[in-house]
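Undergrad: Let me give you the structure first, and then I'll get to my questions.
There are 2 protein chains.
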Amino acid sequence: MRIKLTVAYDGTNYHGYQSQVNGTAVQDVLEKALEELFGEPVRTMGASRTDAGVHALGNVAVFDRETRIAPSKIAFALNARLPGDIRIMDSCRVTDDFHPRFQSTVKTYEYRMRNCRFPNPLTRSIETHVYYPLDAEKMNEAAKRIIGEHDFASFAASGFSSNTTVRTIYDAGVRREGDCVIFSVTGNGFLYNMVRILSGTLIEIGTGKYPPEKMTAILEARDRSAAGPTALAKGLVLKEIRYPDYHPEDAFPESSAGEAVGEK
Amino acid sequence: MRIKLTVAYDGTNYHGYQSQVNGTAVQDVLEKALEELFGEPVRTMGASRTDAGVHALGNVAVFDRETRIAPSKIAFALNARLPGDIRIMDSCRVTDDFHPRFQSTVKTYEYRMRNCRFPNPLTRSIETHVYYPLDAEKMNEAAKRIIGEHDFASFAASGFSSNTTVRTIYDAGVRREGDCVIFSVTGNGFLYNMVRILSGTLIEIGTGKYPPEKMTAILEARDRSAAGPTALAKGLVLKEIRYPDYHPEDAFPESSAGEAVGEK
């Protein structure tokens, strides 16, 4: 049977989510824990290859395995075998045709900026420090301009190739919480480095280098050089991946039932 | 002249704030940075010896040194020489009679509990994970019972000795923010391990082991064994130390002026 995992991690010490030739990726550590649990190698398929240093609260991975462990208990069994910077937040059964990438998805990212004189040492690995005062209202105004279906070619890392650079953004906004300015964006897909380039552009708007209307001009340019710099990886968190057309809880109501204890 | 530093740190990798025989303390690293900056050893006096693993956003240290660096710029100069887990959030001049401990102080601590099935890997070093559901309202009701002047002998680590175990708590409360339950407490002083024992007791009340009224009975017992366990160090943050009777900005208005740039 196919098991879906919700994977959270502090990306600071990993070379991204997906296994690669150089360095340890989150996927390597997850597959090692699965091998420990099941006594033989287990391959996983991940939903999102996050870059080195990028974090996640809701990345998704699946694997196929017959087991007598209840699907919802697999999260507990894996967490007992994982280091503290990776946690499986949920595990449930899905149908064998569920694919974490080819299914239609809605992804939400957040980019956190600590906006005061000095970084906060307690949250330094999950925030980008911005010294110059940011006008969160202007940034929010600019962020709203990317909502809808657009060609985001200006916000793709140069060298990125894909069939299309058109994506749909369902929601985007910037809010201030104390000394933190947070950019939140939800869409049906993101080009390579897109959220970090959007964030770098929003920082330039927030410091007053460009007015909020500039966002629309940058979109229309369809040219990477029109946008701002790529913001640091460490401020970025993949918050959630939803599968709006897929409802495993209908197929397997027992496996997706939460824990009675510890559940609110 | 005497300089006052506001010291923030992630205590995870330190043997507490104050220098000691074994292991590296925050104070050691701070004094090393001061020595690098001034070219000779500089001794500091700290306000609060936090335990190994306890964090701070607003501990206070002072040192005496003639220098042509503007007092407010010393924070920048030190931060350039400190590791990322220690930041000087502010520096200003104080009068030579200012002592960070003997001055009357108002300290605020926060204790953070992540209350869901699994810890959050992004904030795992600054939160204590509590699996069982916590009733934050009942915890808040219990916390309110410690406000005022009381003998806190029940909440001092055994072996702790002091002239008196009477302290005044000005404010205390528990609130929920999403999956986090946060205990905040402000007082004129705290016994050894007092906030962690209060937190451990509040957790027992939050899980329903004891009713909120039990807090008053525990206070009146004046006996460590009446209270709950000492909660883990990593959930505790020393947020702020105020000196209500001391106003250095009146004595040295120029030195305490904030930076024009980066200041909101």
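Line by line, the protein sequences give chains A and B. Each number in my numbering comes from the position in the first sequence (counting from 1) with 3 added on. Each number in my numbering comes from the position in the second sequence (counting from 1) with 3 added on. For glycine and all other residues, C-beta sits at the position ideal for the given N, C-alpha and C.
Can you tell me whether Phe-163/B is helix, strand or coil according to DSSP?
TA: Coil, per DSSP.
Undergrad: Please state the DSSP three-state secondary structure of Asn-62/A.
TA: Correct three-state label for Asn-62/A: strand.
Undergrad: With DSSP as the reference, identify every bridge partner of Cys-183/B, one or two as the case may be.
TA: Cys-183/B pairs with Arg-117/B and Glu-180/B.
Undergrad: For Ser-157/A, collect the residues of the same chain with a Cβ closer than 7 Å to its Cβ; drop the 5 residues on either side in sequence, then sort them by chain order.
TA: Hits under 7 Å: Ile-221, Leu-222, Ala-224, Arg-225, Asp-226, Arg-227, Ala-229 and Ala-230.
Undergrad: Hey, out of Lys-217/B, Tyr-195/B and His-250/B, whose CA is closest to Ala-55/B's CA?
TA: For the residues Lys-217/B, Tyr-195/B and His-250/B, the minimum Cα distance to Ala-55/B belongs to Tyr-195/B.
Undergrad: What do you get for Thr-13/B, buried or exposed, if any count of 16 or more other CB atoms within 10 angstroms of its CB means buried?
TA: The identity of residue 13/B in the sequence shown is Asp, whereas the question assumes Thr. The residue is buried, with at least 16 neighbouring Cβ atoms inside 10 Å.
Undergrad: Excluding the 5 residues flanking Glu-38/A on each side, which residues of the same chain have their C-beta closer than 7 Å to its C-beta?
TA: Hits under 7 Å: Pro-44 and Val-45.
Undergrad: Should Pro-186/B be flagged as near chain A, meaning a C-beta pair shorter than 8 Å?
TA: The sequence given here has Phe at residue 186/B, not Pro. Judged by the 8 Å Cβ criterion, Phe-186/B is not in contact with chain A.
Undergrad: When the Cα of Asp-154/B is compared with those of Thr-171/B, Ala-145/B, Ile-72/B and Gly-42/B, which residue comes out closest?
TA: Selected option, being the one with the closest Cα: Thr-171/B.
Undergrad: Kindly say whether Gly-26/A, judged by its beta-carbon, lies nearer than 8 Å to any beta-carbon of chain B.
TA: With 8 Å as the cut-off, Gly-26/A does not count as an interface residue toward chain B.
Undergrad: Determine the closest residue to Asn-62/A out of Leu-40/A, Arg-178/A, Ala-175/A and Arg-90/A, with distance taken between C-alpha atoms.
TA: When only C-alpha atoms are compared, the closest one is Arg-90/A.
Undergrad: Cβ of Ala-2/A within 8 Å of Cβ of Leu-137/A?
TA: Not covered by the structure: residue 2/A. The range shown for chain A is 4 to 267.
Undergrad: Determine the direct distance from the alpha carbon of Arg-178/B to that of Ser-259/B, and round the result to whole angstroms.
TA: Reliability fails at Ser-259/B, whose pLDDT of 45 lies under 50, so the model's placement of it is uncertain and no value is given.
Undergrad: Could I get the ranges of all uninterrupted alpha helix (DSSP H) runs contained in the region 66-126 of chain A, with 4 residues as the minimum, in chain order?
TA: As far as the region 66-126 of chain A is concerned, its whole alpha helix (DSSP H) runs of at least 4 residues are 77-82.
Undergrad: Report yes if the CB atom of Glu-113/A is closer than 8 Å to the CB atom of Asn-123/A, and no otherwise.
TA: For Glu-113/A and Asn-123/A, no; Cβs fall outside 8 Å.
Undergrad: Count Cβ pairs between the region 231-246 of chain B and the region 186-200 of chain B that sit closer than 8 Å; are there 3 or more?
TA: Short answer: they touch.
Undergrad: Relative to the C-alpha of Leu-241/A, which candidate in Ile-206/A, Ile-208/A and Thr-189/A has its C-alpha closest?
TA: Nearest option by C-alpha distance: Thr-189/A.
Undergrad: How about Gly-87/B: is its C-beta nearer than 8 Å to some C-beta of chain A?
TA: For Gly-87/B, the answer is yes, since a Cβ of chain A falls inside 8 Å of its Cβ.
Undergrad: Between which two residues does the alpha helix (DSSP H) containing Gly-42/B stretch?
TA: Segment: none, Gly-42/B is in no alpha helix (DSSP H) and carries neither H nor E.
Undergrad: Once you ignore the five residues that flank Phe-66/B on each side, which residues in its own chain have a CB closer than 7 Å to its CB?
TA: Hits under 7 Å: Ile-6, Leu-37, Val-45, Arg-46 and Thr-47.
Undergrad: Comparing C-alpha positions only, which one of Ser-128/A, Ser-75/A and Asp-93/A sits nearest to Val-57/A?
TA: Per the Cα distances, Ser-128/A.
Undergrad: To the nearest angstrom, how far is it from the Cα of Ala-263/A to the Cα of Arg-71/A?
TA: Its pLDDT being 38, under 50, Ala-263/A is placed unreliably by the model, and nothing is read from it.
Undergrad: Within its chain, find whatever has a CB closer than 8 Å to the CB of Lys-267/A; leave out the 5 residues flanking it on each side and keep chain order.
TA: Because Lys-267/A carries a pLDDT of 36, less than 50, the predicted location of this residue cannot be relied on, and no value is offered for it.
Undergrad: Taking 6 Å as the limit between beta carbons, can you name the residues of its chain near Ile-149/A, skipping five residues before and five after?
TA: Cβ within range, chain order: Ile-172 and Ala-175.
Undergrad: Under a three-way DSSP split, which group does Met-142/B fall into?
TA: Met-142/B falls in the helix class under three-state DSSP.
Undergrad: Measure the C-alpha to C-alpha separation of Ala-78/B and Tyr-246/A and round it to an integer number of angstroms.
TA: Distance between the alpha carbons of Ala-78/B and Tyr-246/A is about 48 Å.
Undergrad: Would DSSP call Asp-31/B helix, strand or coil?
TA: Reduced to three states, the DSSP call for Asp-31/B is helix.
Undergrad: What is the DSSP secondary structure of Arg-52/B, reduced to helix, strand or coil?
TA: Coil at Arg-52/B, not helix or strand.
Undergrad: Using a Cβ cut-off of 8 Å, pull out every chain B residue sitting near Met-92/A, in sequence order please.
TA: Under the 8 Å cutoff, chain B gives Arg-120 and Phe-121.
Undergrad: To which residues of the same chain is Glu-243/B closer than 6 Å at the C-beta, ignoring the five residues directly before and after it?
TA: The answer, listed in chain order, is Gly-61 and Thr-111.
Undergrad: Taking the beta strand (DSSP E) that Lys-242/A falls in, what are its first and last residues?
TA: 239-245 is the extent of the beta strand (DSSP E) around Lys-242/A.
Undergrad: Say whether chain A places a C-beta atom closer than 8 Å to the C-beta of Val-63/B.
TA: No, Val-63/B lies away from the interface with chain A (no Cβ there is under 8 Å from its Cβ).
Undergrad: Exposed or buried, Tyr-135/B, counting other C-beta atoms within 10 Å across all chains shown (16 or more means buried)?
TA: The residue in question, Tyr-135/B, is exposed, as its Cβ has fewer than 16 Cβ neighbours within 10 Å.
Undergrad: Would Ala-50/B and Thr-108/B qualify as a contact pair, given that the criterion is a beta-carbon distance under 8 Å?
TA: Yes, the Cβ-Cβ distance between Ala-50/B and Thr-108/B is below 8 Å.
Undergrad: Which word fits Ala-83/B, buried or exposed, when buried means at least 16 other C-beta atoms lie within 10 angstroms of its C-beta?
TA: Ala-83/B comes out exposed.
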